[in-house]
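J.: In terms of full-length UniProt numbering, the numbers along the sequence shown are unbroken and rise by one, the last being 237.
The structure under discussion is supplied below as structure tokens; questions concerning it will follow.
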Amino acid sequence: MAYLLKEKGYAVLSFFCFLILSLYLFLREREREGSSVTLSGLLALGLLFGEGVATLQLSKLSSPWTIHTWLSFYLAYLLFYLGYHGRTYLSEFAASRSLKNTKIFSEEAKKVDLSGKEYRWNFTEGQFLKLCILGLLLLSYFSFVIEALALGYIPLFTEHTPHAYSYFHLKGLHYFTTLFVLVPMLLPFLYQKEGSLKLFSGISLFLALLLPILLVSRFQLLFSLFLFVFSALYQGL
Numbered sequence: 001m002a003y004l005l006k007e008k009g010y011a012v013l014s015f016f017c018f019l020i021l022s023l024y025l026f027l028r029e030r031e032r033e034g035s036s037v038t039l040s041g042l043l044a045l046g047l048l049f050g051e052g053v054a055t056l057q058l059s060k061l062s063s064p065w066t067i068h069t070w071l072s073f074y075l076a077y078l079l080f081y082l083g084y085h086g087r088t089y090l091s092e093f094a095a096s097r098s099l100k101n102t103k104i105f106s107e108e109a110k111k112v113d114l115s116g117k118e119y120r121w122n123f124t125e126g127q128f129l130k131l132c133i134l135g136l137l138l139l140s141y142f143s144f145v146i147e148a149l150a151l152g153y154i155p156l157f158t159e160h161t162p163h164a165y166s167y168f169h170l171k172g173l174h175y176f177t178t179l180f181v182l183v184p185m186l187l188p189f190l191y192q193k194e195g196s197l198k199l200f201s202g203i204s205l206f207l208a209l210l211l212p213i214l215l216v217s218r219f220q221l222l223f224s225l226f227l228f229v230f231s232a233l234y235q236g237l
């Protein structure tokens with residue numbers, strides 16, 4: 001629907017399609033897992049909402065997406081969703097097979113359905129969130145360093161180079177560089193789990209907001225702050 005509307009020139013309607021879809025998937029996944037800390041829901045909120053903003057083409061330098069770009073974004077979430085929930089079904093299937101053969105209810109079999117309220121892969125929710133935040137920051141900075149080395153410059157430190165950020169792209173890799181926009185959104189969830197602001201949260205927020213400054217990307221900086229405020233309001237902070 002969003003693709004067809006965009007092709008017809010209705011960019012704003014296409015944006016609202018993405019907005020409604022991202023909110024619906026987030027709320028659905030939240031209800032399904034009984035927790036606000038659900039990767040599939042958070043990815044929907046960050047990725048799909050970001051795609052919606054991108055369809056507005058707020059920058060004069062942006063160009064229309066090709067069918068391959070639309071398909072790539074569609075498959076990115078679909079494959080993650082299938083993999084994320086597929087592991088649960090596979091675990092349940094393996095546990096049921098084991099139970100059928102042995103007729104023994106082990107503690108491991110009882111914990112196959114990870115509701116998210118207590119543990120995820122033997123991590124508490126706070127630890128799991130920290131792991132996600134660290135993973136996003138490491139991946140973003142690693143990709144950023146590769147781009148800076150390959151292109152030979154950092155947008156913030158260039159002179160007399162208009163639109164430096166627009167040329168700071170390595171095809172396929174830059175999507176990983178911009179994953180930092182998801183970090184501020186996770187911090188209110190971490191605060192809710194830990195009950196207080198800690199050094200880890202402060203450093204993570206600083207590093208997440210430093211990258212868009214280095215990239216000279218006002219959009220990504222504002223988008224990160226918007227997600228942070230939205231997440232904080234959603235948590236009632």
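Glycine included, C-beta positions come from ideal geometry on N, C-alpha and C.
#1: Check each candidate in Gly34, Tyr74, Leu27 and name the one with the smallest Cα separation from methionine 1.
#2: Which residues bound the alpha helix (DSSP H) around tyrosine 3?
#3: Cα separation between threonine 38 and phenylalanine 49?
#4: Is the separation between the beta-carbon of serine 22 and that of leucine 45 shorter than 8 Å?
#5: Quick check on threonine 124: does DSSP put it in helix, strand or coil?
#6: Between which residues of its own chain and serine 217 is the CB-CB distance below 7 Å, once the five residues before and five after are set aside?
#7: One question on the structure: do leucine 207 and leucine 138 come within less than 8 Å of each other, judged by their Cβ atoms?
#8: Express the C-alpha separation of leucine 4 and leucine 13 in angstroms, rounding to a whole number.
#9: Is tryptophan 65 helix, strand or coil when you go by DSSP?
#10: Is the stretch 149 to 161 close to the stretch 221 to 236, with three or more CB pairs under 8 Å?
#11: Count the other CB atoms, across all protein chains shown, that sit within 10 Å of the CB of glycine 34; report buried if there are 16 or more and exposed otherwise.
#12: Check glycine 202 in the structure and name its three-state DSSP category.
#13: Any idea if valine 145 is buried or exposed, counting beta-carbon neighbours within 10 angstroms, 16 or more meaning buried?
T.: In brief:
#1: When each option's Cα is compared against that of methionine 1, the closest is Tyr74.
#2: Its alpha helix (DSSP H) spans residues 2 to 7.
#3: Looking at the backbone, the Cα of threonine 38 and that of phenylalanine 49 are separated by about 16 Å.
#4: Result yes, Cβ atoms of serine 22 and leucine 45 sit closer than 8 Å.
#5: It is a strand residue.
#6: Same-chain partners within the cutoff: Tyr165.
#7: Taking 8 Å as the Cβ cut-off, leucine 207 and leucine 138 do not qualify as a contacting pair.
#8: C-alpha separation (whole angstroms): 10 Å.
#9: In the structure shown, the three-state DSSP call for tryptophan 65 is coil.
#10: Contact fails: fewer than three Cβ-Cβ distances are below 8 Å.
#11: With fewer than 16 other Cβ atoms within 10 Å, it is exposed.
#12: Three-state result, glycine 202: helix.
#13: When all chains shown are included, valine 145 counts as exposed.
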